[in-house]
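First residue of the sequence shown? That's 1 in UniProt numbering, and the numbers climb one at a time after it. We treat Cβ as the ideally placed atom computed from N, Cα and C, and that holds for glycine.
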Amino acid sequence: MSHKPYQGAAGGWAALASTAKHLLKSENVAKNLKNLLNTNQDHGFDCPGCAWGEKGHKATFRFCENGAKAVNWEASSKRVDASFFAQHSVQWLAKQSDYFLEYQGRLAEPVVFRPGSDHYQAISWDDAFKLIAEQLHQLASPDQAEFYTSGRASNEAAFLYQLFVRRYGTNNFPDCSNMCHEASGHALTASIGIGKGTVTIEDFELADAIFLFGQNPGTNHPRMLETLAHATQRGAKVLAFNNLKERGLERFANPQKPVEMLGGAASPTTSHYFTPKLGGDMAAVRGIVKTLLARHQQALRHGDSVFDQAFIEQHSQGLEAYLIDVEQTTWQHIEQQSGLSKAQLESVADIYQQSERVIIAWAMGITQHKHSVATINEITNLQLLFGQIGKEGAGVCPVRGHSNVQGDRTMGINEKPSAAFLKSIEDVFGFAPPSKPGHNVVQAIEAMLKGQSKVFIGLGGNLVAAAPDTTLSEQALANCELTVSIATKLNRTHVTPGKYSLILPCLGRTDVDIQAAGPQQVTVEDSFSMVHASAGLVDESADNMRSEPAIIAGMANAVLGTSPIDWLACVQDYANIRDYIEQTIPGFEHFNQRIQQPGGFYLGNSARRQEWNTATAKAQFISHPLPDDVLPAEVRALSDDRVLVLQTLRSHDQYNTTIYGFEDRYRGIVNERKILLINPKDIQALGFEEGALVDIETLWPDNVERKVSGFKLIAYEIPQGNAAAYFPEANPLVPLASKGDFSDTPTSKSVAIVLSASKQALIDTAQA
1 MSHKPYQGAA GGWAALASTA KHLLKSENVA KNLKNLLNTN QDHGFDCPGC AWGEKGHKAT
61 FRFCENGAKA VNWEASSKRV DASFFAQHSV QWLAKQSDYF LEYQGRLAEP VVFRPGSDHY
121 QAISWDDAFK LIAEQLHQLA SPDQAEFYTS GRASNEAAFL YQLFVRRYGT NNFPDCSNMC
181 HEASGHALTA SIGIGKGTVT IEDFELADAI FLFGQNPGTN HPRMLETLAH ATQRGAKVLA
241 FNNLKERGLE RFANPQKPVE MLGGAASPTT SHYFTPKLGG DMAAVRGIVK TLLARHQQAL
301 RHGDSVFDQA FIEQHSQGLE AYLIDVEQTT WQHIEQQSGL SKAQLESVAD IYQQSERVII
361 AWAMGITQHK HSVATINEIT NLQLLFGQIG KEGAGVCPVR GHSNVQGDRT MGINEKPSAA
421 FLKSIEDVFG FAPPSKPGHN VVQAIEAMLK GQSKVFIGLG GNLVAAAPDT TLSEQALANC
481 ELTVSIATKL NRTHVTPGKY SLILPCLGRT DVDIQAAGPQ QVTVEDSFSM VHASAGLVDE
541 SADNMRSEPA IIAGMANAVL GTSPIDWLAC VQDYANIRDY IEQTIPGFEH FNQRIQQPGG
601 FYLGNSARRQ EWNTATAKAQ FISHPLPDDV LPAEVRALSD DRVLVLQTLR SHDQYNTTIY
661 GFEDRYRGIV NERKILLINP KDIQALGFEE GALVDIETLW PDNVERKVSG FKLIAYEIPQ
721 GNAAAYFPEA NPLVPLASKG DFSDTPTSKS VAIVLSASKQ ALIDTAQA
């Protein structure tokens with residue numbers, strides 16, 4: 001068997017051993033030791049991993065195990081150049097694993113794929129930019145091009161990119177945030193007038209209770225574990241609501257604490273742990289509110305109050321309609337959908353009511369459902385009832401993934417830009433940008449499938465591996481006249497070329513970026529709206545790579561000339577770009593000066609100031625009925641077999657689509673990726689045994705077969721009726737048309753599936 005439950009704490013010696021292993025694997029040990037000691041430090045570079053923020057105090061090292069993996073993975077000494085592509089055809093590369101593709105090393109020179117060839121070949125930068133310009137100029141409309149962005153792009157690159165694209169004439173900005181926290185931005189903007197979290201990292205030091213919904217910090221943002229462990233040590237209640245039991249949400253051995261490391265001790269990261277059903281978090285919060293509402297009504301009869309009446313009356317609107325919905329929701333519905341009992345939710349309500357300051361944080365376990373926006377509105381409603389927005393130690397906190405996904409949106413990477421942002425662009429740059437909404441990720445894939453969009457340019461990322469419905473996503477790119485990927489490493493998208501395809505190698509966070517004015521800094525924004533500088537240390541001047549801002553400027557210059565700015569002159573010194581940002585976007589006054597201060601600077605948050613940028617200038621209670629079922633009725637009706645609800649997730653040796661290795665340590669899984677985590681009672685009810693190989697098929701009413709084969713069943717602590725598998729292996733199961741209400745986010749955490757014995761396993765058994 002490949003599964004042995006993990007008994008240790010998160011972090012600790014195992015994390016240090018894993019860090020050392022990946023350091024040696026990079027084949028760049030001396031340079032990467034220096035890199036790691038400068039990760040997230042003042043005058044160092046921002047970790048290319050997650051967007052968790054830093055405390056102001058000094059620390060010898062500020063990287064976690066997965067941050068170390070990201071640094072070592074990027075700063076590899078191995079190279080992928082024209083000679084590599086001469087040896088390997090695209091057809092052959094497409095048959096290799098995602099791990100194999102990225103493990104080949106850093107992309108070292110620009111290459112082109114042309115019709116009639118099955119190999120990428122070397123191309124000069126000037127000729128690459130000329131090809132892009134030719135293809136864009138041939139389009140009947142700028143809206144026939146898609147401009148994708150990954151959340152690792154810097155503020156400077158993102159701002160230049162959106163300016164280039166809007167001057168070209170479109171708002172087609174499919175972005176990685178469309179697939180993760182789009183629901184957070186939509187819901188929070190509607191509720192409190194800003195699509196960002198209202199807390200700072202210092203608030204976690206003051207909170208009496210911290211509620212965590214749908215997140216696994218131990219794998220996805222491990223630096224959060226120290227924050228949670230410290231909160232529990234000082235007496236705060238930390239309550240986790242997560243579909244799976246995850247070791248990082250139970251206990252943590254801090255590698256920066258010698259006593260814990262030497263003594264084998266560990267600190268708890270949570271005080272209470274609940275495992276709701278997939279998609280049941282909204283019902284759980286509704287149950288908490290229903291309990292507190294009953295207490296509030298009883299208190300009113302005695303001339304008292306449970307809710308913060310002063311806050312509600314001064315700052316909010318829409319309470320009455322919301323409370324009617326709460327009263328009409330039955331406990332039977334709440335318990336059935338959440339998978340938690342009334343008694344459990346009443347105990348949670350006790351803790352919430354007794355806590356003066358409450359933070360509620362969430363991640364993609366909340367945002368990738370059909371009713372994700374409704375769930376986040378429900379969370380925000382709970383916080384508004386008790387005035388938990390706009391005071392220290394309290395607030396809402398969507399925990400972002402990519403290290404600058406929030407900054408990219410601040411810089412204007414948005415297919416639905418605000419009128420105020422467009423007006424600012426016009427005032428500063430002297431042209432009227434397009435106002436028609438552009439395409440998000442799902443819409444872009446649909447447009448490419450239909451042949452309506454013909455050019456795809458990706459600023460970072462790996463769309464094919466990240467997107468849902470893998471077969472359709474591959475077909476969409478293959479339909480294009482031109483695909484362009486700006487990237488550090490070879491990935492799945494590169495081996496799914498259009499008629500023409502370019503791979504343009506860019507510098508990463510760890511690399512020294514030297515322009516005409518000398519070494520450059522870029523900036524990023526973390527989950528707490530802190531903006532800080534980042535400057536790499538590794539000299540890659542021997543290779544033919546360019547920085548992301550320089551590549552964007554080269555494309556823009558080829559397409560637009562010097563309109564509306566002199567692009568090539570601008571990138572000679574990134575301070576020029578920051579001057580433009582300062583003129584265009586509120587909050588960036590004295591940008592170049594403020595990034596020199598240790599820790600960077602805080603952008604501020606209007607809702608934290610209790611300024612509500614909504615249509616009514618009030619915070620809004622937004623009411624939604626609980627869905628009848630997490631799965632639509634027409635989906636369940638497609639099968640008489642036992643239907644499971646699947647979520648896709650990462651392994652511990654993975655960050656987004658990048659797979660560093662094959663050890664999911666905290667779940668006790670080694671050397672396996674085609675696995676299905678499932679409740680042991682479901683294994684028995686389905687007539688299987690643990691370790692059996694199964695084929696997984698999606699239920700979706702479009703007569704398209706979506707199936708993956710040969711997945712191993714692993715018994716796990718997960719509610720009955722639910723299952724989990726890694727992406728990108730399980731992405732073919734996620735229907736492109738299955739998306740969140742209001743957000744269009746793929747529903748990767750609520751996929752209806754049925755299981756059957758693996759056909760290959762049956763063949764092998766028969767042959768034996």
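Assigned exposure category for residue i - 16 Cβ within 10 Å defines buried
| i | result |
| --- | --- |
| Ser639 | exposed |
| His590 | exposed |
| Arg609 | exposed |
| Phe431 | exposed |
| Gln138 | exposed |
| Met1 | Only weak support is given to the placement of Met1: the predicted model assigns it a pLDDT of 44, under 50, and the value that follows is read from those uncertain coordinates. By the neighbour-count rule (16 or more Cβ atoms within 10 Å), Met1 is not buried but exposed. |
| Leu262 | Residue confidence is low: Leu262 scores 49 on pLDDT, short of 50, so the model does not pin down where it sits. Its coordinate-derived value is still stated next. Exposed: under 16 other Cβ atoms inside 10 Å. |
| Glu74 | buried |
| Gly438 | buried |
| Asp629 | exposed |
| Ala685 | exposed |
| Asp427 | exposed |
| Gly395 | buried |
| Asp664 | buried |
| Ala768 | Reliability of the predicted coordinates at Ala768 is poor, the pLDDT of 49 falling under 50, and the value obtained from them is presented with this limitation in mind. The residue is exposed, with fewer than 16 neighbouring Cβ atoms inside 10 Å. |
| Gln354 | exposed |
| Phe164 | buried |
| Gly536 | buried |
| Gly460 | buried |
Endpoints, beta strand (DSSP E) assigned at residue i
| i | result |
| --- | --- |
| residue 770 | The structure shown does not extend to residue 770, since the chain is modelled only from 1 to 768, so the question has no answer here. |
| Ala145 | 145 to 149 |
| Tyr500 | 500 to 505 |
| Phe252 | 251 to 253 |
| Ser709 | 707 to 715 |
| Lys237 | 237 to 241 |
| Phe211 | 209 to 213 |
| residue 771 | Because the chain in this structure spans residues 1 to 768, residue 771 falls outside the shown range and cannot be described. |
| Val645 | 644 to 649 |
| Ile678 | 675 to 678 |
Bridge partner(s) assigned by DSSP for residue i
| i | result |
| --- | --- |
| Asp695 | Ser756 |
| Cys397 | Ala361 |
| Ser485 | Gly458, Ile503 |
| Val524 | His532 |
| Tyr655 | Thr658 |
| Val80 | Leu107 |
| Ala619 | Ser316 |
| Arg546 | Cys506 |
Residue span of the alpha helix (DSSP H) that contains residue i, given as start and end
| i | result |
| --- | --- |
| Trp362 | Premise fails: Trp362 lies in the beta strand (DSSP E), 358 to 362, not in any alpha helix (DSSP H). |
| Gln410 | For clarity, residue 410 is Thr in the given sequence; the question names Gln instead. Run containing Thr410: 405 to 410, per the alpha helix (DSSP H) assignment. |
| Tyr120 | That residue, Tyr120, is in no alpha helix (DSSP H); its beta strand (DSSP E) goes 120 to 122. |
| Tyr580 | 574 to 584 |
| Gln297 | 281 to 300 |
| Tyr352 | 342 to 354 |
| Gln332 | 331 to 338 |
Integer-rounded CB distance, given that residue j should sit under 8 Å from residue i
| i | j | result |
| --- | --- | --- |
| Ser271 | Thr232 | 6 Å |
| Val199 | Ile457 | Rounded, the Cβ-Cβ distance is 35 Å, inconsistent with contact. |
| Ile503 | Ala487 | 6 Å |
| His315 | Ser305 | 16 Å between Cβ atoms; not a contact. |
| Val405 | Ser177 | 5 Å |
| Asn576 | Leu568 | Contact doesn't hold; Cβ gap of about 11 Å is too wide. |
| Tyr666 | Tyr99 | Wrong, their Cβ atoms sit about 19 Å apart, outside the cutoff. |
Proximity test, residue i beta-carbon vs the ligand GDP heavy atom, cut-off 7 Å
| i | result |
| --- | --- |
| Leu244 | With respect to the ligand GDP, the structure shown offers nothing to examine, as it has no ligands at all. |
Checklist entry - How about the region 592 to 599 and the region 182 to 199: do they share at least three Cβ pairs that are nearer than 8 Å? => result No, the region 592 to 599 does not touch the region 182 to 199.
Checklist entry - On the three-pair Cβ rule with 8 Å, is the region 188 to 195 touching the region 148 to 159? => result Verdict: no, contact absent.
Item to check | Inter-stretch contact (C-beta, 8 Å, three-pair minimum) for the region 670 to 685 and the region 710 to 727 | outcome: With a cut-off of 8 Å, the region 710 to 727 and the region 670 to 685 count as touching, because enough Cβ pairs lie within range.
Checklist entry - Would you say the region 199 to 217 touches the region 359 to 368, given that touching needs at least three Cβ pairs under 8 Å? => result With the cut-off at 8 Å, the region 199 to 217 and the region 359 to 368 touch.
Checklist entry - Are the region 80 to 89 and the region 101 to 121 in contact at 8 Å, needing three or more beta carbon pairs? => result The answer is yes - the region 101 to 121 touches the region 80 to 89, with three or more Cβ pairs under 8 Å.
Next on the checklist: Within 8 Å, do at least three Cβ pairs link the region 496 to 511 to the region 467 to 485?
Outcome noted: Contact between the region 467 to 485 and the region 496 to 511 is present, because at least three Cβ pairs lie under 8 Å.
Checklist entry - Between the region 228 to 248 and the region 207 to 216, are three or more C-beta pairs nearer than 8 Å? => result Flag = yes, the region 228 to 248 and the region 207 to 216 touch.
Item to check | the region 339 to 347 in contact with the region 222 to 232 per 3-pair CB rule at 8 Å | outcome: The region 339 to 347, when compared against the region 222 to 232, does not touch it at the 8 Å Cβ threshold.
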